[in-house]
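Protein sequences, first through last, are from chains A and B. For what it's worth, this note's numbering labels the leading residue of the first sequence as 1, then goes sequentially. For what it's worth, this note's numbering labels the leading residue of the second sequence as 1001, then goes sequentially. C-beta: ideal position from N, C-alpha, C; glycine also. Below is one structure; the comments refer to it alone.
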Amino acid sequence: MTTTLTRSDPQEAALRETTDAPTDEPAIRVRGLVKSFGEVRALDGVDLEVPRGAVLALLGPNGAGKTTAVRVLTTLLEPDAGTVRVAGLDVVGDARALRERIGLAGQYAAIDENLTGLDNLIMVGRLYGMRRAAARERGLELLADFELTDAAKRPAKTYSGGMRRRLDLAAALVAKPPLLFLDEPTTGLDPRSRLALWETIESLAAQGTTVLLTTQYLDEADRLADQIAVIDRGAVIARGTSDELKDRLGGERLEVRLADTTAAPTAERALAPMSDEPPTAHDGTVSLTVRGRDGTIVEAVRRLDEAGVGVLDLGLRRPTLDDVFLSLTGHVAEAADDEETTA
Amino acid sequence: MRRLATDTLVISERNLGRLRTAPDLLIAFTVQPVMFVLLFAYVFGGAIQTPGYNYIDFLIPGIIVQNIAFGGFVTALGLNEDVSKGLIDRFRTLPMARAAVLAGRTLADVVTNLLSLLILLATALIIGFSFDAGIGEIVAGIGLMVLFGYAFSWVFALLGLMVSSPESANSLGFLAVFPLTFISSAFVPVESMPGALQWFAEINPFTIVVDAMRALWLDAPAGDAIWGAVVWSLVIMAIFAPLAVRRYRHAAAR
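Here is the structure:
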């Protein structure tokens, strides 16, 4: 994907200066955000802060409240309690002005399948108040950026999944918003489209766009985000850079792949004295956080041998965000299967 | 206010642009009503006695009213799709006039209604329909149809926002509108129906609207039908437009 999503026009840059957040506020500031649906507290006191130009990943399993948070931040839902300011504007009081400054690309490509790719972008441009000619020009520019020029005149319903996502993202960028919200941007995409979309997001971030993205993929958060907020059951349970979160787990991870899955309990018992926390077993792999590095592997082999446990593979590695997630929430990120409670 | 007007036009244009890429819809607007006219005129025509008129003259105002009532169907289907596919969310994150989504939809119906009305009239004239009216009354009849069709667009807007899928909008719409149009003076004289149906047909707003059209186009005795038809259209709009708007706000805020 090309990286010419330029915003070099000086006049426009000047305009952006004046229409951006009126104060030195961060791009997003959320305090004590609560949102309930009937009995369900989808968001239960969320605090977030995203500096301008940063990329924040809201990481959590399905049903954690990620989508609800994005819907509140993009004025689609009104919060029940708390203050939510985006681009220095209040999501309730200044909703209209706020909408001039944000772009949203959702989990489901929100495009009109019966219109051509170009007509979709022209429509969005005109609804931003652009004249038809300007909207058309901007549409063509975006189609070129997203390698959709050849498909510009085709109805969007003939597009592949990856093309729809690209068109959806292009629609979110029509007004060159300084703030971009991406709700699970790569869910359901094939690996190639996923990588291409990552590169696009990186290039937007490099040009100074503030990005808030939600994801349940740890590798996505790891790659794209400056800051990660881990959200579970409607609350932010940890935040920091990817490295900071990994450091919180302390130490290295020892992973032992067992020859016989049923030997997991024996292996856990044998290795338990090496860690401050009880080892965990998952799919025939026992893992634990170990204190030191020296002699760890030798000790582990000796202990397992004494316990009569057969080992296929054994190694030390730095903790991944998976480990962080597991230790924070007590469940594996991708294994969460309850549906996002709302929309 | 100017924003509302331009945004409404953009949305209307979008809904009409859909006709270009979805030929099945265009067929629904053009071929289907013509088919109905031909079937009624030639299958039932010989069997139905319409004292004072030949059947084609009697039929055309009735079938036009029925057709116009169904014109809002696209609104039901389109709104339903917009909600389920998340397009409403996109609209709601844009700095556009909120009311434009529904206003643009219903305005697009006016255009498609006019289109199918003209096609129906052309068909009618070809198979021998003749006006007994001056140009003013002909135009007034078209105006009444536009108004009545617009009122019904709001009924369908509400329907489209309430049901879970386009298919159920389709079947529910037929279930509601078909009996209403058939138990009226649209296709047969009310006097030919059994007692209970006759009672219903006489108070049925469709009868009043059809009678108004016959008064305008065939010089039939009008009574209060013309004003009645206008009042009914306004009442339908006054009830269903606020309901649809409320439902839209609710559907969008999930």
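Contact check, residue i vs residue j under 8 Å by CB: the rounded distance?
i: P1033 (chain B); j: S1116 (chain B); result: 5 Å
i: R1003 (chain B); j: A1133 (chain B); result: Not confirmed; about 41 Å, so no contact.
i: V46 (chain A); j: L56 (chain A); result: Not confirmed; about 12 Å, so no contact.
i: L1161 (chain B); j: V1083 (chain B); result: 7 Å
i: L104 (chain A); j: V91 (chain A); result: 13 Å between Cβ atoms; not a contact.
i: R239 (chain A); j: V230 (chain A); result: 7 Å
i: I1060 (chain B); j: A1122 (chain B); result: Contact doesn't hold; Cβ gap of about 11 Å is too wide.
i: P178 (chain A); j: A54 (chain A); result: At roughly 12 Å, the Cβ-Cβ gap does not stay under 8 Å, so P178 (chain A) and A54 (chain A) are not in contact.
i: F1187 (chain B); j: F1040 (chain B); result: 7 Å
Helix, strand or coil, according to DSSP, for residue i in the structure here?
i: P185 (chain A); result: coil
i: G53 (chain A); result: coil
i: Q216 (chain A); result: coil
i: G38 (chain A); result: coil
i: G32 (chain A); result: strand
i: A1099 (chain B); result: coil
i: A21 (chain A); result: Residue placement at A21 (chain A) is poorly supported in this model, since its pLDDT is 45, which falls under 50; the coordinates are not used for a value here.
i: N1143 (chain B); result: What sits at residue 1143 (chain B) in the sequence shown is Gly, not Asn. If DSSP states are grouped into helix, strand and coil, G1143 (chain B) belongs with the helices.
i: T200 (chain A); result: helix
i: G1149 (chain B); result: helix
i: D168 (chain A); result: helix
i: A281 (chain A); result: strand
i: D1082 (chain B); result: helix
i: P155 (chain A); result: strand
i: L15 (chain A); result: Residue confidence is low: L15 (chain A) scores 45 on pLDDT, short of 50, so the model does not pin down where it sits. No coordinate-derived value is stated.
i: S8 (chain A); result: Bear in mind that a pLDDT of 43 at S8 (chain A), under 50, signals an unreliable position, so the number given afterwards is only what the model happens to contain. Here S8 (chain A) sits in coil by DSSP.
i: D1219 (chain B); result: coil
i: D44 (chain A); result: strand
i: L59 (chain A); result: strand
i: T1112 (chain B); result: helix
i: V1163 (chain B); result: coil
i: E339 (chain A); result: Its pLDDT being 38, under 50, E339 (chain A) is placed unreliably in this model, and the coordinates cannot settle the point.
i: T149 (chain A); result: helix
i: T1106 (chain B); result: helix
Between which two residues does the alpha helix (DSSP H) holding residue i run?
i: L104 (chain A); result: From DSSP, L104 (chain A) is part of no alpha helix (DSSP H) but of the beta strand (DSSP E) over 102-105.
i: Q1316 (chain B); result: Residue 1316 (chain B) lies beyond the range of chain B shown here (1001 to 1254); nothing can be said about it.
i: V92 (chain A); result: Premise fails: V92 (chain A) is in no alpha helix (DSSP H) and is neither H nor E.
i: Q1066 (chain B); result: 1055-1070
i: I1027 (chain B); result: 1023-1039
i: T68 (chain A); result: 66-73
i: T1093 (chain B); result: 1087-1093
i: L321 (chain A); result: 321-329
If you follow the beta strand (DSSP E) that residue i is in, where does it begin and where does it stop?
i: T296 (chain A); result: Unbroken run through T296 (chain A) is the alpha helix (DSSP H), 296-306; no beta strand (DSSP E).
i: R85 (chain A); result: 81-86
i: D232 (chain A); result: 227-232
i: L254 (chain A); result: 252-258
i: V311 (chain A); result: 311-317
i: S1168 (chain B); result: Taken as a continuous stretch (DSSP letters only), S1168 (chain B) belongs to no beta strand (DSSP E), being part of the alpha helix (DSSP H) at 1166-1182.
i: S287 (chain A); result: 285-290
i: I237 (chain A); result: 235-240
Taking the alpha-carbon of residue i as reference, which of the options has the nearest alpha-carbon?
i: P1205 (chain B); options: B:N1054, B:A1220, B:F1040, B:S1185; result: B:S1185
i: L77 (chain A); options: A:T209, A:A281, A:K35; result: A:K35
i: D219 (chain A); options: A:T149, A:V92, A:L58, A:G38; result: A:L58
i: E244 (chain A); options: A:D150, A:A175, A:T320, A:A307; result: A:T320
i: R166 (chain A); options: A:L179, A:R194, A:K153, A:P178; result: A:R194
i: V50 (chain A); options: A:T68, A:V30, A:R41; result: A:V30
i: G1104 (chain B); options: B:G1078, B:T1123, B:I1119, B:L1118; result: B:G1078
i: N1080 (chain B); options: B:E1191, B:N1170, B:A1238, B:D1132; result: B:N1170
i: R233 (chain A); options: A:T329, A:P26, A:G125; result: A:T329
i: I28 (chain A); options: A:L89, A:A156, A:M130, A:G65; result: A:L89
i: V1231 (chain B); options: B:E1202, B:I1127, B:I1208; result: B:I1208
i: L173 (chain A); options: B:V1245, B:G1046, B:R1090, B:I1060; result: B:R1090
i: V236 (chain A); options: A:D119, A:D313, A:A64, A:M123; result: A:A64
i: P61 (chain A); options: A:R248, A:L121, A:Q216, A:G240; result: A:Q216
i: V1111 (chain B); options: B:L1218, B:A1140, B:T1075, B:A1099; result: B:T1075
i: V1146 (chain B); options: B:V1177, B:S1165, B:T1106, B:I1183; result: B:T1106
i: L43 (chain A); options: A:R52, A:T158, A:A54, A:T68; result: A:T68
i: A264 (chain A); options: A:V309, A:G139, A:A171; result: A:V309
i: D1007 (chain B); options: B:A1069, B:I1064, B:A1220, B:L1094; result: B:L1094
i: T214 (chain A); options: A:A205, A:V324, A:A225, A:K157; result: A:A225
i: G1052 (chain B); options: B:V1210, B:P1189, B:F1182; result: B:P1189
i: A1005 (chain B); options: B:A1100, B:L1218, B:F1131, B:L1120; result: B:A1100
Quick check: is any heavy atom of the ligand ATP less than 7 Å from the C-beta of residue i?
i: A1244 (chain B); result: Judged by which ligands are present, the structure shown has none, so any question about the ligand ATP falls away.
Suppose only complete runs of 4+ residues qualify. What are the alpha helix (DSSP H) ranges in the region 112-146 of chain A, listed by chain order? 117-127, 132-145
Taking only runs of the beta strand (DSSP E) that begin and end inside the region 1114-1140 of chain B, which ones reach a length of at least 3 residues, in chain order? none
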